[in-house]
Amino acid sequence: MPSDDKPRATHAEGPETALRLVVDPALCIGSGICLATAPRHFESAAEGHRSRARSDAPVVDESADDAVALCPVEAIGFLTSRPPAPPPASPGP
Ligand code: SF4
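Sequential numbering from 1 applies to the sequence shown in this note's numbering.
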């Protein structure tokens, strides 16, 4: 994604950081490369034969990284989803 105002992360952020993929529908041209490269992570979107990230995709893996690298218009990015913060400690007796 060429825009810097969108959330994006890499594996370098650390194992505590969960990642998921996102396809920018404004950029996707429907080449199908991501579907062929990482079918467990992408599916066809009904509108305009574009692609979208699967909601049931497994943890981002090498095939997903390959799809990101191969997308001809850089429409695929990673979103960072951090685990929720622990609840505040309850006051003692
Ligand atoms: S590789 Fe990129 S342009 Fe091609 S379908 Fe996937 S997201 Fe769209």
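Just so it is clear, CB atoms sit at the ideal spot from N, CA and C, and this is done for glycine as well.
Quiz item: Below 8 Å between beta carbons: does that hold for L79 and I33?
Solution: Locating residue 79 in the sequence shown gives position 79, where the first residue counts as 1. Locating residue 33 in the sequence shown gives position 33, where the first residue counts as 1. Their beta carbons are not under 8 Å apart, which means L79 does not touch I33 by this criterion.
Quiz prompt | 8 Å Cβ cutoff met for D24 and A75 | solution = As a working note, residue 24 is residue 24 in the sequence shown. As a working note, residue 75 is residue 75 in the sequence shown. Yes; because the gap between Cβ atoms is below 8 Å, this pair is in contact.
Practice problem: Please go through the same chain and pick out, in chain order, the residues whose beta-carbon is closer than 8 Å to the beta-carbon of L35, but skip the five residues on each side of it. | Solution: In the sequence shown, counting from the first residue as 1, residue 35 sits at position 35. F42, E43, S44 and S51.
Quiz item: Between which two residues does the alpha helix (DSSP H) containing E43 stretch?
Solution: Counted from its first residue, the sequence shown places residue 43 at position 43. E43 -> not in any alpha helix (DSSP H); beta strand (DSSP E) instead, spanning F42 to S44.
Exercise. Verify whether the separation of the beta carbon atoms of L21 and A57 is less than 8 Å.
Key: Numbered from its first residue, the sequence shown carries residue 21 at position 21. Numbered from its first residue, the sequence shown carries residue 57 at position 57. Going by C-beta atoms, L21 is nearer than 8 Å to A57.
Exercise. Report the rounded CA-to-CA distance for P7 versus P91, giving the unit in angstroms.
Key: Taking the first residue of the sequence shown as position 1, residue 7 is located at position 7. Taking the first residue of the sequence shown as position 1, residue 91 is located at position 91. Residue placement at P7 cannot be trusted, given a pLDDT of 40 that sits under 50; what the coordinates show is reported in the next sentence. Cα to Cα, P7 sits roughly 36 Å from P91.
Exercise. For L19, name the three-state secondary structure that DSSP assigns.
Key: Your numbering for residue 19 matches position 19 in the sequence shown. In the structure shown, L19 sits in a strand (DSSP, three-state: E or B).
Quiz item: Among all the DSSP beta bridges, which residues are the ones paired with T80?
Solution: Start at 1 with the first residue of the sequence shown, and residue 80 comes out as number 80. Its beta-bridge partners are L19.
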